[in-house]
Amino acid sequence: MDCVTIPPLPGLTPDAKRVIVLRGKTEKQIPIVNVYDAMKIALMVGDIRLAAEETGVAGDVYILDASIVSPAYFAKFTPGAVKKFLLIVQEAYPVKLKEVHVVNISPLVHTIIEWVKPFLKEKIKNRIHVHTDMESLYKFVPKDVLPEEYGGTAGKAEEYGGTAGKVQAFHDQWRQKLRDYKPWFQEQENVKADENYKPWFQEQENVKADESKRPGQPTNYDDLFGVDGSFRIHVHTDMESLYKFVPKDVLPEEYGGTAGKVQAFHDQWRQKLRDYKPWFQEQENVKADESKRPGQPTRLQTMVPRAGKRES
């Protein structure tokens, strides 16, 4: 982490993506670094996010600051190392790479991009955007998500000191998080799959329902609920259009309403779930007393007429 800064930023884009800034330090600050160690740090940051992220994220947006990219940096990355790293990012990491924005470019940067492209999937190649100025970046990433160095106000919330945050400040926070998670990472080094279950999982690949024993026809999702369902989806470009359907006195403060804050309601329901834990545990053992049933059990096909009717 002395070689590059790679902090995920607080806050999400309007379409719920997480922004990560990747930039190196000046050439004089570059220590002798094992490139695999640097890549592992990036993946460890991702592991912490997967374990601790409290907000649903629709994908990652990387901002690559190429202002101090030099041959000294470039020389440290071999084709083998880059290929392995990008294979993990594209195929194994569960959070999808949605956009890559390159800022502060130079002729060398164009060379590097062309060098990396053969290792990328076609759809990711099309997600790389090269910016000659910050204004073009703002069309993709709003200022309130960006740190101070890029003309933004990320971290302006109270928990970040009330001022626009700087990349280094966010980087230092993540350096500390990595230290805090050290025992967890050490435990993960010894976590292995239980090979005793491997034959069982292999058998399950071939397990199928014995259709000869099915009472009636198979029921699928459309049979149960229909194609349309009984709900309507409305897409709103502003809050005013939402208020035509949902009054302000029902909505929380974050949506211009007067009903309190979302997090407060969330915390109340978190506590309710804890309070009801004994009740839920009891329900696991509750069964119908069939001796008291008046008549025969009602089958699904009786309750939902479409169930069991297959369209040709």
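Note that the sequence shown covers residues 1 to 312 in full-length UniProt numbering.
From the three backbone atoms N, C-alpha and C, an ideal C-beta is built for every residue, glycine too.
Can VAL167 and PRO7 be called in contact, C-beta distance under 8 Å? Along the sequence shown, one-based indexing puts residue 167 at 167. Along the sequence shown, one-based indexing puts residue 7 at 7. Yes, Cβ-Cβ distance for VAL167 and PRO7 is below 8 Å.
Of the listed residues THR153, LEU64, GLN173 and ASN34, nearest to VAL130 (C-alpha basis): As a position in the sequence shown, residue 130 is number 130, starting the count at 1. The option with the nearest alpha carbon to VAL130 is LEU64.
Express the C-alpha separation of VAL141 and LYS98 in angstroms, rounding to a whole number. Taking the sequence shown and counting its residues from 1, one reaches residue 98 at position 98. Taking the sequence shown and counting its residues from 1, one reaches residue 141 at position 141. Cα-Cα distance, rounded: 12 Å.
My output table needs one value for VAL61: the three-state DSSP class, helix, strand or coil. For the purposes of this step, residue 61 is identified with residue 61 of the sequence shown, where counting begins at 1. Strand at VAL61.
Please report the straight-line C-alpha distance between PRO10 and LEU251, rounded to a whole angstrom. The residue given as residue 10 occupies position 10 in the sequence shown. The residue given as residue 251 occupies position 251 in the sequence shown. For PRO10 and LEU251, the distance between alpha carbons rounds to 25 Å.
Take the Cβ of VAL19 as the centre, count every other Cβ of all protein chains shown within 10 Å, and call the residue buried at 16 or more, exposed below. Mapped onto the sequence shown, residue 19 falls at position 19. Result: buried.
Classification of PRO147 by the beta-carbon crowding that lies within 10 angstroms, buried from 16 upward: Position 147 of the sequence shown holds residue 147. The residue is buried, with at least 16 neighbouring Cβ atoms inside 10 Å.
Check this for me: beta carbons of LEU120 and THR55, under 8 Å apart or not? Taking the sequence shown and counting its residues from 1, one reaches residue 120 at position 120. Taking the sequence shown and counting its residues from 1, one reaches residue 55 at position 55. In this structure, THR55 does not lie closer than 8 Å to LEU120 by Cβ.
Closest by CA to PRO14, which one among LYS143, ALA259, ASP267 and PHE74? In the sequence shown, the residue the question calls residue 14 occupies position 14. Nearest C-alpha to PRO14: LYS143.
Does the Cβ of LEU50 have 16 or more other Cβ atoms within 10 Å, making it buried, or fewer, making it exposed? Here residue 50 is taken as the residue at index 50 of the sequence shown, counted from 1. Its Cβ having fewer than 16 others within 10 Å, LEU50 is exposed.
Residue interval of the beta strand (DSSP E) (run including GLU99): As a working note, residue 99 is residue 99 in the sequence shown. Looking at the DSSP string, the run of the beta strand (DSSP E) that includes GLU99 is 97-103.
Rounding to the nearest angstrom, what Cα-Cα distance links GLU189 and ASP249 in this structure? For this step, residue 189 is matched to residue 189 along the sequence shown. For this step, residue 249 is matched to residue 249 along the sequence shown. For GLU189 and ASP249, the distance between alpha carbons rounds to 52 Å.
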